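Have a look at the structure below, then the notes.
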Amino acid sequence: MSFAFGIGIGTQNNQGEWLEVFYQQPVITPDNGLIEVARNVLDYQGGNQAVSVTPEQLKSLSDGLRQLGQMEQAALAGKAADSRRPVVVTLLETDDTASSTPEVYLKLHLISSRQARPHELKLDGIFGLLPNLAWTSEGAVDLSELPDRQLQARLEGRTLEVKSVDKFPQMTDYVVPKGVRIADTARVRLGAYVGEGTTVMHEGFINFNAGTEGTSMIEGRISAGVMIGKGSDLGGGCSTMGTLSGGGNIIISVGENCLIGANAGIGIPLGDRCKVEAGLYITAGTKVALLDDNNKLVEIIKARDLAAKPDLLFRRNSQSGAVECKTNKTAIELNEELHANN
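Using the numbering used here, read the sequence shown as starting at 4 and increasing by one per residue.
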């Protein structure tokens, strides 16, 4: 059984190098018959390959898929045969480290189309395979070719708008998941997993390989690798610590029905039903005063010791400035649980 399959329409630079690829109907764990048709038409010998295809091959692929009963893929192959842009068929036998730009784009599509969840696919090494591009009103443009494209547009009486310069495009140019609201689409990257029922407001941001389970209000930043549980809200300007840019190797997550207040942040995983007071940033090494039901100090611990524990309220004492933690359990019970393996 193969891992993934996709018929993609993409963009190449003047040297014939792939810049980006759009897969309208990516497939995870494709039917063996589909792969057999591709093997016969494209002379596919197995492994992970991104095969540039001709219109004639696409027509043959469409005929073979139609005979197999794969009507949607057959229709896509037939339409792609008339494409003015280059077409690639990407076949991944295994989820190994990607070796080409089309392979990376197929994996990012699988996440954004909710066929795979963050951390389920191997994405190491993708930055070296994603060219830094000008994302323009006319699509992706190689940065070395941008000045000529801008001049040509002016000569033709139009303006080539450059919306961003980045390795990742915005998700909605490729995938619009069902049942979501995104106020500013530029703030959600391809490779984000946006669960049904999620609302991303203007200041919300979702990186690749990160996202929400659904029914969440996102007004803060979801960094790479972070997953937000159902019913949890991220207040305006808050942040979650990812594992890129020299960060730690702890995978940060937020449980269900949590609230991270405005301008707050976390560097530890949160369990279910946790709250972080507005403006409070908790890192793994933050010293936290564990309080009992009478607000009496039980112990001072590091925030990492509370990682993934449910029903916690993190706050800052407005008089002393100390970071405190209250819990729906008694503090003594929690304290015994923390030290059970000591």
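Glycine included, every Cβ here is placed at the ideal spot set by N, Cα and C. Bear in mind that the values here come from a model prediction, so they are computed numbers and not experimental data.
query	result
Since Y108 is in the alpha helix (DSSP H), which residue starts that stretch and which ends it?	104-115
Could you tell me the distance, in whole angstroms, from the CA atom of E327 to the CA atom of R184?	35 Å
Distance, Cα to Cα, K170 vs Q48?	31 Å
For L64, I'd like the list of residues in its chain whose CB is within less than 6 Å of its CB, leaving aside the five on either flank, ordered along the chain.	V44, A80
For I70 and Q118, I'd like the C-alpha separation in whole angstroms.	It is worth fixing the name first, because residue 70 is Gln in this sequence and not Ile. Answer to the nearest angstrom: the Cα atoms are 26 Å apart.
Taking A292 as the reference, which of L68, W21, Q173, S323 has the closest Cα?	S323
What ranges does the beta strand (DSSP E) occupy inside the stretch 126-199, keeping only unbroken runs of at least 3 residues that lie completely in it?	136-139, 142-145, 165-169
Short check: CB of C241 to CB of A267, under 8 Å?	yes
Measure the alpha-carbon distance for A78 versus G282 and round it to whole angstroms.	52 Å
Just tell me which of A7, Y284, C277, I255 has its CA closest to the CA of K125.	A7
Out of N320, T286, A287, A311, point me to the one whose CA is closest to L294's CA.	N320
With H, G and I counted as helix, E and B as strand and the rest as coil, what does DSSP make of M204?	coil
Thinking P172 and L193 are a contact (beta carbons under 8 Å), I'd like their distance in whole angstroms, please.	5 Å
By the 10 Å Cβ neighbour count, where 16 or more other Cβ atoms means buried, how is D85 classified, buried or exposed?	exposed
Say whether the stretch 82-97 touches the stretch 10-20, bearing in mind that this needs 3 or more beta-carbon pairs closer than 8 Å, one atom from each stretch.	yes
Would you kindly work out how many angstroms separate the C-alpha atoms of E123 and E164, rounded to a whole number?	36 Å
Among V257, L133, G234, which residue has its Cα nearest to the Cα of G228?	V257
Do S226 and T243 have their beta-carbon atoms positioned less than 8 Å apart in this structure?	yes
Could you give the distance in angstroms between the alpha-carbon of T188 and the alpha-carbon of D275?	29 Å
Does the Cβ of E39 have 16 or more other Cβ atoms within 10 Å, making it buried, or fewer, making it exposed?	exposed
From E340 to G288, what distance separates their C-alpha atoms?	19 Å
Taking the Cβ atom as the reference point for each residue, do N51 and L22 lie within a distance shorter than 8 Å?	no
Quick check: the stretch 23-36 against the stretch 104-115, are at least 3 beta-carbon pairs closer than 8 Å?	yes
Assuming I285 and A265 are in contact, meaning their beta carbons sit under 8 Å apart, how far apart are those beta carbons, in whole angstroms?	15 Å between Cβ atoms; not a contact.
Comparing alpha-carbon positions, which option in V56, L37, P105 lies nearest G2?	Because residue 2 is not part of the residues shown, which for the chain are 4 to 345, the question remains open.
Buried or exposed for Q60, please, with buried defined as at least 16 other CB atoms from any protein chain shown within 10 angstroms of its CB.	buried
Distance, Cα to Cα, T201 vs D46?	43 Å
Using only CA atoms, which one of D151, W138, G160, G238 lies nearest to D176?	W138
Considering G19, what are the terminal residues of the beta strand (DSSP E) in which it resides?	Careful: G19 lies outside any beta strand (DSSP E) and carries neither H nor E.
Report buried or exposed for I303, applying the criterion of at least 16 other Cβ atoms within 10 angstroms of its Cβ.	exposed
Have a look at the DSSP bridge pairing and note the partners of S256.	M230
State the CB to CB distance for the pair I2 and L237, rounded to an integer number of angstroms; the pair is presumed to be in contact (CB under 8 Å).	Here the chain covers residues 4 to 345 and nothing more, so residue 2 does not appear.
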